[in-house]
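**Q** Numbering (this note's numbering), first residue to last: 97 to 310. By construction, the Cβ of each residue, glycine as well, lies at the ideal position given by its N, Cα and C atoms. Shown below is the structure under consideration.
Quick look at the structure:
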């Protein structure tokens, strides 16, 4: 999510997301990514959030879930950490909409064995359900809860669904194609929200802050 699998951010999720937002909002998009490989939500709260230098931003996009699943974090601890993350960001950026991306499609990763896909894949879906529970009643917080499947993407974008390798750079991290599709879908989800449509009417420069685990 922080660009592993491509050479530059412009060819990754951030580039695709920013381009989609720019087109939809008819606005220039300035962005910054905060990330550290392997961090869980609890670690992001403790070690990433305090390092954010900005004092204002128009949109915040958050991508989490994979590392918490790989460390077998419990759904209760995950939900508590998500609550803490939301509170920290809303305290620092009151009124700024927060958007959580889809959970990573671990069941689709070709590098993993069937047992790993079953255990970690099911856990990440459970974490996604808890994320939905936490965010659904929070003001100005949104979660794109659509489960990613390569079969659906292939059908929607007229791509071959016989070779999952086109979607991955190393069997785990996204390929440039996946980043493009994922960023476009997330960007379209974000701009459907009234809070962001409002931004598009009144600003020509939009600042996008992205908080990621890699």
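How many whole angstroms separate the CB atoms of residue 165 and residue 220, which I take to be in contact at a CB cut-off of 8 Å?
**A** Rounded, the Cβ-Cβ distance is 4 Å, consistent with contact.
**Q** For residue 310, does the three-state DSSP call read helix, strand or coil?
**A** With a pLDDT of 46 at residue 310, under the threshold of 50, the modelled position of that residue is not reliable, and the figure given next carries that caveat. Looking at residue 310 - three-state DSSP - the assignment turns out to be coil, as it is neither helix nor strand.
**Q** Classify residue 189 as helix, strand or coil using the three-state DSSP reduction.
**A** Coil at residue 189, not helix or strand.
**Q** Once the 5 residues before and after residue 291 are set aside, which same chain residues still bring their CB inside 7 Å of it?
**A** Around residue 291: 193, 236.
**Q** Using 10 angstroms around the beta-carbon of residue 153, count the other beta-carbons present and answer buried if the total reaches 16, otherwise exposed.
**A** With 16 or more Cβ atoms within 10 Å of its Cβ, residue 153 is classed as buried.
**Q** With DSSP as the reference, identify every bridge partner of residue 196, one or two as the case may be.
**A** Residue 196 pairs with 158, 239.
**Q** Here's the rule I'm using: 16 or more other beta-carbon atoms within 10 Å means buried, otherwise exposed. How should residue 207 be labelled?
**A** Looking at its Cβ environment, which holds fewer than 16 other Cβ atoms inside 10 Å, residue 207 is exposed.
**Q** If you check the beta carbons only, do residue 110 and residue 129 fall under 7 Å apart?
**A** Yes, the pair counts as a contact, with Cβ atoms nearer than the cut-off.
**Q** Relative to the C-alpha of residue 135, which candidate in 126, 217, 145 has its C-alpha closest?
**A** It is 145.
**Q** In this structure, does DSSP put residue 165 in helix, strand or coil?
**A** The answer is helix: DSSP assigns residue 165 an H, G or I state.
**Q** Which class does residue 145 belong to by DSSP, given the choice of helix, strand or coil?
**A** Residue 145: helix per DSSP, three-state reduction.
**Q** Would you list the one or two residues that DSSP bridges to residue 270?
**A** According to DSSP, which records beta bridges pairwise, residue 270 is partnered with 264.
**Q** So the candidates are 255, 147, 282; which of them puts its Cα closest to the Cα of residue 273?
**A** Nearest of 255, 147, 282 to residue 273, Cα basis: 255.
**Q** Could you check whether residue 171 and residue 234 sit closer than 7 Å to each other, using their CB atoms as the reference points?
**A** No, they are not a contact pair.
**Q** What's the C-alpha gap between residue 216 and residue 158?
**A** Computed Cα separation, rounded: 20 Å.
**Q** Cα separation between residue 289 and residue 245?
**A** If you take the alpha carbons of residue 289 and residue 245, they lie about 24 Å apart.
**Q** Output the boundary residues of the beta strand (DSSP E) element that contains residue 129.
**A** Run containing residue 129: 124-132, per the beta strand (DSSP E) assignment.
**Q** Taking the C-alpha atoms as reference points, what is the distance between residue 125 and residue 305?
**A** Straight-line Cα distance between these residues: approximately 10 Å.
**Q** Pull up the CB-CB distance for residue 156 and residue 189, whole angstroms please, since I reckon it's below 8 Å.
**A** That pair is a contact at about 6 Å.
**Q** Does DSSP put residue 223 in a helix, a strand or coil?
**A** Residue state, collapsed to three classes: helix.
**Q** Could you work out which residue in 284, 181, 264 is closest to residue 143 when comparing CA atoms only?
**A** Answer by Cα proximity: 181.
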